[in-house]
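Residue numbers (the working numbering): 53 to 414. By construction, the Cβ of each residue, glycine as well, lies at the ideal position given by its N, Cα and C atoms.
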Amino acid sequence: MNGLPISPFIASLPKVELHIHIEGTLRPALRWKLAQRNNIPIRFRDTEYKTYEELLASYSVIYNHRPELGGRKDVPTFLEAYFAGCEVLVTEDDFYDLAMDYFARCQEMRVRYVEPFFDIQAHTRRGIPAEAVLNGYLRAQHDGAAKYGVRSSWIFCFLRDEPVEDGEAAYKAVLPWAKGNGGHGLFHAVGLASNAYERPPSLFKAAFMRAKADGLHITTHCDFGQKDTHEHIRQAIFDIGIERIDHGLDVLDRDELVAGLVEKSIGLTLCPHAYHRRTATDVLFPKLRQLLDRGVQFCINSDDPVYMSDVWIDGNMEKAYHYGNLSKTEMIQLVRNAIDMCWADADIKTSIYVELDALDVE
Ligand code: HPA
Ligand code: ZN
């Protein structure tokens, strides 16, 4: 399922990544190095990985089940694996190294611009100061552009399964690192991540409105196949006035939601491989064509590549191209959609359009 080789065509495309969690890019080699550096054991529930080989083997598990929706309870969930990975991140340099490692990977895949999500609460609740996280990312934002040619503007995420007040307090703490109003310019948007089960976007409506009033963009996860997914999408479009939806693929089940997206020009940041982990090929991939046919704007992204079988944006695009039977012209249009949908400054957008237009595709 994940072994599609990246074709020269997909490799050649300049790319824009709009749905990736920076903590979901922590590769095992760096995780191991940081564990040694900080003298932190790598644990997962009752298991400690004592060798690098044991750690590597742990990544072969496919974390695709949802215990709250009737799935297995005896194996760790994706989010447990993701937050366990965070434990080795302690100092400003750790966060810097994480982001620089990701930007190096971006350069290899021709990702020119990225809007990474970051979960400040995943770190502050472990006692890590917010400044360590944010100054590490800020330095990497600068150095990633200079060293790897990867420009970025980041997205603060509320952890939706934590109390709303905690998220609001976290937002206040990070605001000096926002773009505009004399801030440091690290992030320009807010989003909603973590477990969506019985945590609808409307709970965070006031927090979103505050961010909007502060001049930031707003987006929310509406996970595919989640309980109440249609209601979550409805709230995002009609109650909150969201600008983009992360996932949101269930929109196809409801005409009024499709109409809302089209009318309000709200795009979806899709991550096909994430859905493919629990959805049959012939159920999932025709949905991409249906979105195209119904005029819903979307782009292709990667979510949490390290915890999703090491499938990155190029692998996700390859899946869309191959299993979705999309043409080269349609794949190029999806890159154009990502440039259209991103919130980068005009000069960045223009430079990627120019590179895309100059592609020599037969
Ligand atoms: N879904 C929801 N929240 C997340 C994810 C995800 O895949 N990754 C990090 N936070
Ligand atoms: Zn996500």
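- 8 Å or more divides the Cβ of G123 from the Cβ of Y148.
- Within the DSSP bridge table, the entry for L244 names F210 as partners.
- In the three-state DSSP reduction, S205 falls in the coil class, being neither helix nor strand.
- Apart from sequence neighbours up to five positions away, the residues of its chain that approach L108 with a beta-carbon distance below 8 Å are P80, ordered along the chain.
- Note: T272 is bridge-paired with I297 in the DSSP secondary-structure output.
- In the three-state DSSP reduction, Y134 falls in the helix class (H, G or I).
- In this structure, the CA atom of F170 is about 15 Å from the CA atom of P228.
- Sixteen is the threshold: since fewer than 16 other Cβ atoms of the shown chains lie within 10 Å of the Cβ of E160, the residue is exposed.
- Taking all protein chains shown into account, V335 has fewer than 16 neighbouring C-beta atoms within 10 Å of its C-beta and is therefore exposed.
- In this structure, the beta-carbon distance from I289 to I318 falls below 8 Å.
- Apart from the 5 residues on each side of it in sequence, M369 sits with its Cβ closer than 8 Å to the Cβ of I62, L65, K67, I352, M383 and L386 in its chain, given in chain order.
- Excluding sequence positions up to five before and after M393, its CB lies within less than 7 Å of the CB of L70, R296, G319, Q349 and C351, all in the same chain and listed in chain order.
- Between A151 and I74, the gap from beta carbon to beta carbon is short of 8 Å.
- Proximity of the beta carbon of D298 to the ligand ZN is indicated: a heavy atom of the ligand is located closer than 7 Å.
- Taken through DSSP and simplified to helix, strand or coil, R346 comes out as coil.
- Exclusion of H175 from the 7 Å shell around the ligand ZN follows from its C-beta lying no nearer than that to any non-hydrogen atom of the ligand.
- Contact between S205 and K231 is confirmed by a C-beta separation of about 7 Å, below the 8 Å threshold.
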